[in-house]
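Residue numbers (our numbering): 1 to 436.
Using N, Cα and C, we set each Cβ at its ideal position, and we do this for glycine too.
Working notes, beginning with the structure itself.
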Amino acid sequence: DRMYARATTAAPSFKGTDEATDSRAHIRSSFMIGDALSTVWAIGDLHADAHCARAWVRRTGLIDGLHQNVSPEKWDWAEPASTLVFMGDYVDKGPYARSTLNFVRTLNERFGDERVQAILGNHEVNLLVDRATPQGHRYLNYAYAAAHPAQYAEWTVQRQGNVTAVAEETANMRQALDLLLKALDHLYVTGAYDPQSVLMTPSGRASILHHIPVAQRSLVASELARWQAAYLRGVGPSTPEGAWLSRRPLTVRVAGLVFVHGGVHPTATAAELDEINAAVARSLLPQADLAALGKLLQQRPEIRELVEDRRLHKSCDRVLRALASLNVTRIAVGHTPASSARFACDGGLLALDASLSRWFRASGNFYCPESGAVGQRLDGFCPRISRRCEGQIARFRRNASLGAGWSVDFIEMDSSDGEISVSEASRGTGLREELR
Numbered sequence: 001d002r003m004y005a006r007a008t009t010a011a012p013s014f015k016g017t018d019e020a021t022d023s024r025a026h027i028r029s030s031f032m033i034g035d036a037l038s039t040v041w042a043i044g045d046l047h048a049d050a051h052c053a054r055a056w057v058r059r060t061g062l063i064d065g066l067h068q069n070v071s072p073e074k075w076d077w078a079e080p081a082s083t084l085v086f087m088g089d090y091v092d093k094g095p096y097a098r099s100t101l102n103f104v105r106t107l108n109e110r111f112g113d114e115r116v117q118a119i120l121g122n123h124e125v126n127l128l129v130d131r132a133t134p135q136g137h138r139y140l141n142y143a144y145a146a147a148h149p150a151q152y153a154e155w156t157v158q159r160q161g162n163v164t165a166v167a168e169e170t171a172n173m174r175q176a177l178d179l180l181l182k183a184l185d186h187l188y189v190t191g192a193y194d195p196q197s198v199l200m201t202p203s204g205r206a207s208i209l210h211h212i213p214v215a216q217r218s219l220v221a222s223e224l225a226r227w228q229a230a231y232l233r234g235v236g237p238s239t240p241e242g243a244w245l246s247r248r249p250l251t252v253r254v255a256g257l258v259f260v261h262g263g264v265h266p267t268a269t270a271a272e273l274d275e276i277n278a279a280v281a282r283s284l285l286p287q288a289d290l291a292a293l294g295k296l297l298q299q300r301p302e303i304r305e306l307v308e309d310r311r312l313h314k315s316c317d318r319v320l321r322a323l324a325s326l327n328v329t330r331i332a333v334g335h336t337p338a339s340s341a342r343f344a345c346d347g348g349l350l351a352l353d354a355s356l357s358r359w360f361r362a363s364g365n366f367y368c369p370e371s372g373a374v375g376q377r378l379d380g381f382c383p384r385i386s387r388r389c390e391g392q393i394a395r396f397r398r399n400a401s402l403g404a405g406w407s408v409d410f411i412e413m414d415s416s417d418g419e420i421s422v423s424e425a426s427r428g429t430g431l432r433e434e435l436r
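What follows is the structure, encoded as structure tokens:
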């Protein structure tokens with residue numbers, strides 16, 4: 001896209017040294033983080049890749065103890081004047097949704113919102129809505145771009161005790177997953193995977209079961225129903241994961257920066273974003289109707305814009321109007337993937353979805369196994385998943401020459417020799433590439 005710029009300039013290595021009872025108070029504190037910060041790190045869409053989630057956090061150097069794999073209570077924050085923002089989309093499109101979600105949750109609960117903030121992405125919002133949505137109409141029923149069938153294993157609690165029963169349950173799960181991945185691989189090759197043609201449901205006219213051998217359909221139907229029920233129970237209001245998600249904001253503002261997963265309307269104000277955060281929080285309170293969030297989204301389409309809209313990427317005029325309305329210098333978004341982070345509109349827009357998940361980077365929106373094409377098919381669709389974490393994360397640093405402004409570095413993963421690639425955009429002066 002001509003609107004975007006990328007930099008690949010090499011630079012020397014660097015080494016970084018309770019549930020709220022009042023939703024409005026909680027959202028106010030989580031939306032506006034203090035002005036005393038000198039550095040803000042932002043990590044884009046992680047999409048169920050727990051290994052790379054951990055690797056990118058290690059890359060920031062913000063947490064002592066993370067390299068040694070010690071327990072979370074022994075982690076220490078290494079940079080008092082820094083904060084870390086996760087851009088949403090922790091689940092889906094890969095097999096380790098629960099591990100990824102819980103890693104980010106643990107960081108937030110260990111260090112608090114002032115140091116680790118995590119906003120909701122469209123995948124988390126849709127998952128929360130799915131809790132009150134009938135089978136066949138859920139986001140997780142899509143045969144692409146939503147719940148990778150391998151991710152259900154982490155949410156399914158195996159029975160204890162009887163060794164034979166446990167072995168049988170494990171074998172059934174593996175067989176059902178293999179059959180589903182083979183069916184999906186074929187559908188991707190033929191292009192017949194749209195929601196009108198196939199859904200990841202255990203029954204119905206468009207069920208994936210119609211693409212499973214007849215002899216195995218009963219097994220797959222039983223397993224798929226069990227997995228999806230376990231997934232939705234796992235993010236229920238009373239679970240640690242569900243309760244934590246219910247407390248996440250849609251937007252975070254950090255002293256002249258706004259972080260939002262999708263986009264913002266060009267006339268949106270900070271007060272309006274604050275009010276939306278509070279409205280969403282109220283709809284997700286433990287005592288609220290489970291369908292309250294879905295109803296709120298129907299009544300107020302501007303809320304979905306925050307997690308799904310991509311129009312900022314198409315118009316610098318829209319970006320500049322939003323910056324002025326919000327009284328900020330930069331807007332950072334996720335949701336719109338590419339192979340690297342990008343900036344546009346003289347650095348006013350930062351697109352931070354750099355395909356950090358190895359599954360998404362290899363297979364896009366399709367559900368593929370780590371080993372590649374299922375059953376060693378020569379005509380299979382799925383590539384082998386890389387063992388290396390790729391992409392970029394963002395580091396914002398206060399720049400004295402910009403007054404209250406922030407310079408931005410895009411940091412690559414390079415564990416072999418410690419070199420990083422840095423690109424710097426300065427608001428108002430366009431793209432600058434510097435070798436430091």
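Tell me which same chain residues have a C-beta within less than 8 Å of the C-beta of residue i, skipping the five on either side of it?
i: Arg-2; result: With a pLDDT of 32 at Arg-2, under the threshold of 50, the predicted position of this residue should be treated as unreliable, and no value is reported.
i: Gln-376; result: Unreliable positioning characterises Gln-376 in this predicted model, as indicated by a pLDDT of 45, which lies under 50. The coordinate reading is nonetheless provided below. Around Gln-376: no qualifying Cβ.
i: Gly-256; result: Val-328, Thr-329, Arg-330, Ala-404, Gly-405, Trp-406
i: Leu-66; result: Arg-54, Val-57, Arg-58, Trp-75
i: Arg-507; result: Nothing about residue 507 can be reported from this structure: the residues present for the chain run from 1 to 436 only.
Hey, out of the options, whose CA is closest to residue i's CA?
i: Gly-44; options: Arg-342, Cys-368, Gly-334, Asp-414; result: Gly-334
i: Leu-184; options: Asp-414, Ser-363, Arg-387, Phe-396; result: Ser-363
i: Ala-48; options: Glu-124, Thr-39, Ser-325; result: Glu-124
i: Glu-305; options: Phe-343, Thr-251, Ala-394; result: Thr-251
i: Leu-290; options: Ser-222, Arg-253, Pro-383, Leu-127; result: Leu-127
i: Val-104; options: Arg-217, Val-40, Val-319, Ala-50; result: Ala-50
i: Val-280; options: Ala-271, Val-260, Leu-296, Glu-272; result: Leu-296
i: Leu-107; options: Trp-75, Val-189, Pro-237, His-137; result: Trp-75
i: Leu-187; options: Leu-209, Ala-322, Lys-93; result: Leu-209
i: Gly-234; options: Arg-300, Arg-248, Glu-154; result: Glu-154
i: Tyr-142; options: Ala-176, Arg-217, Gln-228, Ile-212; result: Gln-228
i: Glu-109; options: Ala-53, Val-408, Pro-240; result: Pro-240
i: Gly-348; options: Gly-191, Arg-318, Arg-388; result: Arg-318
i: Ala-81; options: Leu-37, Cys-52, Leu-352, Pro-286; result: Leu-37
i: Val-214; options: Thr-100, Ala-176, Gln-196; result: Ala-176
Residue i lies in the beta strand (DSSP E); which residues open and close that run?
i: Gln-392; result: 392 to 398
i: Ala-288; result: Element bounds for Ala-288: n/a, residue is neither H nor E.
i: Asp-264; result: Residue identity check: residue 264 is Val in the sequence provided, not Asp. It is not in any beta strand (DSSP E) - Val-264 carries neither H nor E in the DSSP assignment.
i: Ala-229; result: It is not in any beta strand (DSSP E) - Ala-229 instead sits in the alpha helix (DSSP H) that spans 217 to 234.
i: Leu-349; result: 349 to 351
i: Ser-82; result: 82 to 86
i: Arg-253; result: 251 to 254
i: Arg-342; result: 342 to 344
i: Val-260; result: 257 to 260
When DSSP labels each residue in this structure, what does residue i get in the three-state scheme?
i: Ile-27; result: Since pLDDT at Ile-27 reaches only 36, below the 50 mark, its modelled position is unreliable, and no value is offered.
i: Trp-406; result: strand
i: Gln-68; result: coil
i: Leu-180; result: helix
i: Ile-119; result: coil
i: Arg-377; result: Note that Arg-377 scores a pLDDT of 48, beneath 50, so its modelled location is shaky and nothing firm can be said.
i: Arg-361; result: helix
i: Asp-76; result: strand
i: Leu-431; result: Residue placement at Leu-431 cannot be trusted, given a pLDDT of 23 that sits under 50; the coordinates are not used to answer.
i: Leu-297; result: helix
i: Thr-170; result: helix
i: Ala-332; result: strand
i: Glu-370; result: coil
i: Thr-239; result: coil
i: Leu-37; result: coil
i: Ser-442; result: The chain is shown from 1 up to 436; residue 442 falls before or after that span and cannot be answered.
i: Ile-212; result: coil
i: Ala-292; result: helix
i: Pro-149; result: helix
Only counting the same chain, and skipping five residues up and downstream in sequence, which positions put a Cβ closer than 6 Å to that of residue i?
i: Ala-354; result: Gly-44, Ser-340, Ala-341, Gly-391, Gln-392
i: Thr-267; result: Ser-325
i: Val-40; result: Thr-83, Val-254, Phe-396
i: His-137; result: none
i: Asp-309; result: Gly-262, Gly-263
i: Gln-117; result: Val-85, Val-252
For residue i, I'd like the list of residues in its chain whose CB is within less than 7 Å of its CB, leaving aside the five on either flank, ordered along the chain.
i: Trp-77; result: Leu-62, Ile-63, Phe-111, Arg-115
i: Ser-207; result: Leu-199, Thr-201
i: Thr-269; result: Ser-325, Leu-326
i: Ser-371; result: Arg-384
i: Ala-292; result: Ser-283
i: Phe-259; result: Ala-42, Val-85, Met-87, Ile-119, Thr-251, Val-252, Ala-332
i: Leu-179; result: Ile-212, Gln-216, Val-220
I'd like the span of the alpha helix (DSSP H) that includes residue i, first residue to last.
i: Thr-100; result: 97 to 111
i: Leu-323; result: 316 to 326
i: Ala-279; result: 270 to 283
i: Val-307; result: 301 to 308
i: Val-57; result: 50 to 60
Could you check whether the region 221 to 229 touches the region 166 to 176, counting it as contact only if at least three pairs of C-beta atoms, one from each stretch, sit closer than 8 Å? Contact between the region 221 to 229 and the region 166 to 176 is present: three or more C-beta pairs spanning the two stretches fall below 8 Å.
Check whether the region 88 to 95 and the region 145 to 157 touch, using three or more Cβ-Cβ pairs below 8 Å as the test. The region 88 to 95 is in contact with the region 145 to 157.
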